[in-house]
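Visitor:
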Amino acid sequence: MALLVALGLLMVGICPVALCQQDGTLGRNTELQEDQNNGTLVDSVTLASINTDFAFSLYKQLALNNPDKNIVFSPFSISFALAVLSLGASSNTLKEILEGLKFNLTETPEADIHRGFGNLLHMLSQPGDQVQLSTGNAMFVEKHLQILTEFKEKARALYQAEASSTDFQQPHEAKNLINDYVSKQTHGKIKELISDLDDQTLMVLVNYIYFKGKWKTPFDPLDTFDSEFHLDKKRTVTVPMMNIEDLITPYFRDEELSCSVVQLKYTGNASALFILPDEGKMQQLESSLQPETLRRWKDSLRPRMINELYVPKFSISTDYSLENILPQLGIREVFSAKADLSRITGNKVLKVSQVN
């Protein structure tokens with residue numbers, strides 16, 4: 001029986017390569033939460049670092065499978081969705097999911113992983129007065145499918161994921177129900193997360209993220225002009241090019257990787273990293289992306305006057321079938337007849353059919 005995992009991502013404005021704070025986490029101030037039962041510290045910084053490792057591994061696979069195409073995805077959306085799924089997994093299926101997310105299960109117990117995700121989700125859900133960032137999970141369950149109470153309670157308590165009874169025997173109506181929900185949660189920006197469903201679907205797990213920020217030093221629209229943007233050595237396109245002069249902002253020239261790194265700050269405590277590889281050095285840069293690279297850049301950034309900074313205005317929309325990508329990261333069994341999602345229903349009737 002089929003379980004579909006759907007992911008939504010919307011970043012309004014320039015889509016950043018990475019959103020980070022000075023401590024390397026996303027969004028709000030970092031929190032350390034102490035579990036009252038065993039005193040284990042669940043560290044949001046550590047969780048963000050592990051997710052960065054997963055993000056770069058996934059990016060490399062997406063770039064390999066989609067050569068010469070733009071890549072945009074939300075690592076946290078995928079991690080959150082798979083973490084919710086792992087609540088219902090057992091045996092090797094559970095092990096593959098968590099290790100595929102780059103967790104070392106000999107060092108970090110499963111319960112601590114879920115508490116860490118729960119703490120981070122709570123932190124990201126706090127209202128901000130300058131940056132709009134919202135993320136959430138939802139489960140749409142076939143009305144005749146019996147879900148274990150423990151799974152529903154943990155999904156609600158840790159991931160704020162509510163279960164809604166849905167009639168998948170009416171796939172068109174079910175699709176509209178899910179898309180209307182996601183559209184509402186993303187302020188009408190993601191209108192069709194699900195393009196089609198079949199009547200064999202028993203459960204759809206949805207994760208969405210919505211980000212909207214304003215530059216701390218805004219670009220003047222009057223300075224925007226049409227200019228050529230180089231896609232590769234042979235292809236160019238004409239795009240509106242935003243421009244700002246005499247900007248003081250963190251900058252680093254990485255001679256080792258032949259690229260320039262610029263950090264642009266949003267109002268509040270979020271920022272974006274823009275990495276410009278030298279001509280012909282894109283593949284070299286992509287192959288070198290790893291958490292240590294990001295940490296080195298962050299530690300090396302220094303305020304510098306940039307005489308002129310040009311940033312193209314762009315909009316990117318992508319759709320990936322991650323059920324073909326995640327097995328390359330070690331997450332295989334959940335897509336097969338061997339899938340053990342018995343902690344969702346009490347028996348092995350479910351397997352994941354799609355992740356997109």
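If you're matching positions, the sequence shown starts at 1 in my numbering and goes up one per residue. All C-beta atoms in this analysis are idealised placements derived from N, C-alpha and C, irrespective of residue type, glycine included. Computed from a predicted structure; not experimentally measured.
(1) Report, in whole angstroms, the separation of the C-beta atoms of aspartate 246 and asparagine 307, which I expect to be a contact under 8 Å.
(2) Measuring straight from C-alpha to C-alpha, what distance separates tyrosine 181 and alanine 155?
(3) Taking C-beta to C-beta, are threonine 345 and leucine 148 nearer than 8 Å?
(4) Identify, in the order they occur along the chain, each residue of the same chain with its Cβ nearer than 7 Å to the Cβ of valine 84, setting aside the five sequence neighbours on each side.
(5) Here's a check: name, in chain order, each residue in its chain whose Cβ is nearer than 6 Å to the Cβ of lysine 102, leaving out the five neighbours to either side.
(6) What are the start and end residues of each continuous alpha helix (DSSP H) run of 4 or more residues lying completely inside the stretch 247 to 287, in chain order?
(7) Pull up the DSSP beta-bridge partners for glycine 330, would you.
(8) Cα separation between asparagine 347 and lysine 60?
(9) Quick check for students: name the residue ranges of the alpha helix (DSSP H) that lie wholly in the stretch 159 to 202, counting only runs of 4 or more.
(10) Mark threonine 166 as exposed unless 16 or more other C-beta atoms lie within 10 angstroms of its C-beta, in which case mark it buried.
(11) Can you tell me the Cβ-Cβ gap for leucine 58 and proline 75, rounded? I've got them flagged as a contact below 8 Å.
(12) Tell me which residues share the same chain as leucine 289 and place their Cβ nearer than 6 Å to its Cβ, disregarding the 5 neighbours each side in the sequence.
(13) Kindly indicate which three-state DSSP category glycine 136 falls into: helix, strand or coil?
(14) Where in the stretch 282 to 318 do unbroken runs of the alpha helix (DSSP H), each at least 4 residues long, occur, reported from the N-terminal end onward?
(15) Looking at the structure shown, is proline 67 part of a helix, part of a strand, or coil, going by DSSP?
(16) Determine the DSSP secondary structure at valine 131, reduced to helix, strand or coil.
(17) Looking at the structure shown, is histidine 114 part of a helix, part of a strand, or coil, going by DSSP?
(18) To which residues does DSSP link methionine 242 through a beta bridge?
(19) Can you pull the DSSP bridge partners for aspartate 226?
(20) Considering Cα atoms alone, identify which of Ser91, Gln185, Asp112 is closest to threonine 135.
(21) What is the residue span of the alpha helix (DSSP H) that valine 349 lies within?
(22) In terms of residues, what are the limits of the alpha helix (DSSP H) holding valine 72?
(23) Should isoleucine 209 be labelled buried (16 or more other beta-carbon atoms within 10 Å of its own) or exposed?
(24) Nearest to aspartate 68 by alpha carbon, out of Val239, Gln328, His230?
(25) Does DSSP put phenylalanine 211 in a helix, a strand or coil?
(26) Does the pairing of the stretch 237 to 246 with the stretch 211 to 219 give three or more beta-carbon distances under 8 Å?
(27) Out of Phe314, Ile113, Gln169, Asn176, which has the shortest C-alpha to C-alpha gap to aspartate 199?
(28) How many Å lie between aspartate 220 and alanine 270 at the Cα?
(29) Whose C-beta lies closer than 8 Å to the C-beta of glycine 118 among residues of the same chain, with five residues either side of it excluded?
(30) Taking 8 Å as the limit between beta carbons, can you name the residues of its chain near methionine 305, skipping five residues before and five after?
Guide: Well, looking at it:
(1) 7 Å
(2) 18 Å
(3) yes
(4) Asn137, Ala155, Tyr159, Ala161, Leu205
(5) Ile50, Asp53, Phe54
(6) 282 to 287
(7) In the DSSP output, where bridge partners are listed per residue, glycine 330 has none listed.
(8) 35 Å
(9) 171 to 185
(10) buried
(11) 7 Å
(12) Phe56
(13) strand
(14) 282 to 287, 291 to 300
(15) coil
(16) coil
(17) helix
(18) Val311
(19) Pro240
(20) Gln185
(21) Valine 349 -> no alpha helix (DSSP H), and no H or E assigned at all.
(22) Looking at the DSSP string, valine 72 is not in any alpha helix (DSSP H), and its letter there is neither H nor E.
(23) buried
(24) His230
(25) strand
(26) yes
(27) Gln169
(28) 20 Å
(29) Ala157, Leu158, Tyr159
(30) Asp246, Leu247, Ile248
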